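Novice:
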Amino acid sequence: MANNDSLTNNSDLEIQEVIEDPGSAILFSGYPQWLLYFAAGCCVLFMLIGIPGNLITVVALFRTKKLRNATAVFIMNLSISDLMFCCFNLPLATSTFWYSSWMHGPLLCRLFPLLRYGLVAVSLFTVLAITINRYVMIGHPRLYPKLYKPKYLVLMVV
17 MANNDSLTNN SDLEIQEVIE DPGSAILFSG YPQWLLYFAA GCCVLFMLIG IPGNLITVVA
77 LFRTKKLRNA TAVFIMNLSI SDLMFCCFNL PLATSTFWYS SWMHGPLLCR LFPLLRYGLV
137 AVSLFTVLAI TINRYVMIGH PRLYPKLYKP KYLVLMVV
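So that you can map any letter, position 126 of the sequence shown is 142 in our numbering, and since no number is skipped, the others follow by simple counting.
1. Determine the extent of the alpha helix (DSSP H) in which Arg-52 is found, giving its start and end residues.
2. How long is the line joining the alpha carbons of Arg-84 and Leu-169, rounded to whole angstroms?
3. Among residues of its own chain, excluding the 5 on either side of Val-173, which ones have a beta-carbon nearer than 7 Å to its beta-carbon?
4. What is the DSSP secondary structure of Leu-83, counted as helix, strand or coil?
5. Have a look at Leu-123, Ala-109 and Lys-82 and flag the residue whose alpha-carbon is nearest the alpha-carbon of Leu-43.
6. With distances taken Cα to Cα, identify the nearest neighbour of Ser-111 among Ser-95, Gly-46 and Ala-55.
7. Hey, is the region 60-67 in contact with the region 135-143, meaning 3+ C-beta pairs nearer than 8 Å?
8. Measure the CB-CB distance between Leu-127 and Ser-97 and report whether it falls below 8 Å.
9. Using the beta-carbon count (16 or more within 10 Å), is Ala-137 buried or exposed?
10. Put Phe-113 into one of helix, strand or coil per three-state DSSP.
11. Which value, in whole angstroms, describes the spacing of the CA atoms of Ile-162 and Val-152?
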């Protein structure tokens, strides 16, 4: 029993050390270095395409008055979520792949997974909302104007 307690205490101590100094942990130790550089390069490529593409989409939808409908609101929500992912998560992931360690401090270490999975969830639910929107528009056109009023859209996006 004492042996099991010492293992638990050692594990807790190691976890506490990593929480206090996330850069002390060596990440991706079983992966070849070329693969980590490739992953970092993919992140940079996604940023180079994603940031301008999503910015253009948001600006175009915001400036065009004819495109102010439910679908445009959902697409704008999707673009903003993807833009935030490209601006926050991808740069941090790039440096983590490149240096094989976390170099951004304990606060960002805790925020990174929250924003990563939170923004992915927002994107997935927004795509689901677009799918439902299209289904209602095609399959139940009389119901569409009742469901997609501006006051309901705010609730759907939030």
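C-beta atoms are modelled at their ideal positions from N, C-alpha and C, and glycine is treated no differently. Please read all numbers here as calculations on a predicted model, not as lab measurements.
Specialist: Per the coordinate set shown:
1. It should be pointed out that residue 52 corresponds to Leu in this sequence rather than to Arg. DSSP places Leu-52 in the uninterrupted alpha helix (DSSP H) bounded by 49-79.
2. 11 Å
3. Val-89 and Asn-93
4. helix
5. Ala-109
6. Ala-55
7. Not touching, per the Cβ criterion.
8. no
9. exposed
10. helix
11. The sequence shown places Lys at residue 162, rather than the Ile named in the question. Approximately 11 Å between the Cα atoms of the pair.
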